[in-house]
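Have a look at the structure below, then the notes.
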Amino acid sequence: MGKVFDPALIIEFIPTLTKYLGITLEILIYSTILGILIGIVAAIPKLFHIPILKQMITLYISFIRGTPILIQLFLVYYGLPAVLMLWNIDITRMDALYFVIITYSLSNGAIFAEIFRSAISAINYGQTEAAYSIGMTRFQNFYRIIFPQAIRIAFPNISNSIIGSLKDTSLAFTIGVMDMMGRGETLIASTAHALEVYISLAIVYYIVVVILEKVFKISERYLNRYQPNGTATI
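Dropping the structure here:
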């Protein structure tokens, strides 16, 4: 059992924990950027029904959806060095932070692939036919007509996925990354005030999520500025 609950410690712990917020946001930013790139690439075989690649991407997405992020983290952390050792590539001394970013990028990539696929599929094919009829190339059609609409359609789901990914980063401490959650665990070990630490963590995470929600809502309104009847809600 921990010590007697002391609310004053919550105020004391919050500044200590926020010093490690940068690590949490670094994981989120890099894994989101890489995840979007992976998602776009992974969506292509499903959109164009490319044999073999489509089945491989489907299996990849199904695996990510069907397994907990914690298991994926351990598989990457322990499995990637073991696999690369077969080619005499030693990454066992690599910072654990990179394994976390790789894991969350792959996880986000699978989610974003389905988001992009469904968003692009939702666009009326007649617009593509119209683009070809006036001499546009496939790249021009995608870049100038399909992509802007797909981003607008996909944005609410992308926003929700990013917020979910932020909360999932709290598992990074399980492989030794000293983010906010990792610092919280060390505070618990040194003070035995677990409840105060977890309340402090909850407050910090909640504030960050509220800020992100506001930013995403403003961004969504901007993307929908030319749409009738306002914007979609997040």
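Its first residue numbered 1, the sequence shown is counted upward by one per residue in full-length UniProt numbering.
For every residue, glycine included, the Cβ atom is placed at its ideal position computed from N, Cα and C.
The Cβ atoms of T24 and N108 lie no closer than 8 angstroms to each other.
Collapsing the DSSP output to three states places I89 in coil. In the structure shown, V177 adopts coil according to DSSP, grouped into three states. In this structure, DSSP gives M94 a state outside helix and strand, which the three-state scheme calls coil.
Counting along the chain, A130 sits inside the alpha helix (DSSP H) bounded by residues 125-133.
By the neighbour-count criterion, in which 16 or more other beta carbons inside 10 Å mark a residue as buried, K19 falls on the exposed side. Here DSSP, grouped into helix, strand and coil, assigns T67 to coil. Within 10 angstroms of the beta-carbon of Q55 lie fewer than 16 other beta-carbons, which makes it exposed. For the segment 151-234, the full-length alpha helix (DSSP H) segments reaching 4 residues or more read 180-191, 194-223 along the chain. The beta carbon of M180 sits closer than 7 angstroms to those of L17, Y20, L21, T24, L201, V204, all from its chain and outside the five residues before and after it, given in chain order. By the CB criterion at 8 angstroms, F112 and G35 fall inside the cutoff.
For a cut-off of 8 angstroms, the C-beta gap from I57 to K46 is around 6 angstroms, short enough to register as a contact. In the structure shown, the three-state DSSP call for V4 is coil. When the five nearest sequence neighbours on each side are left out, the beta carbons in the same chain lying within less than 8 angstroms of the beta carbon of S161 are those of N108, I111, F112, I115, in order along the chain. If you draw a straight line from the Cα of S133 to the Cα of L212, it comes to about 41 angstroms.
Shown here for A154: same chain residues with a beta carbon closer than 7 angstroms to its own, the five before and five after excluded, namely I115, F116, A119 in chain order.
Note that the segment 60-72 does not touch the segment 142-157; fewer than 3 beta-carbon pairs, one per stretch, sit closer than 8 angstroms. Between the segment 172-188 and the segment 72-84, the count of C-beta pairs closer than 8 angstroms reaches three or more; the two stretches touch. The C-beta of F48 has fewer than 16 other C-beta atoms within 10 Å across all chains shown, which makes the residue exposed. Ranking S121, G184, E220 by CA distance to the CA of I158 puts E220 first. Taking the CA atoms as reference points, L223 sits about 6 angstroms from R152. The distance from the Cβ of V197 to that of F13 is about 6 angstroms, consistent with a contact at the 8 angstroms cut-off.
By the beta-carbon neighbour count (other beta carbons within 10 angstroms, threshold 16), G182 is buried.
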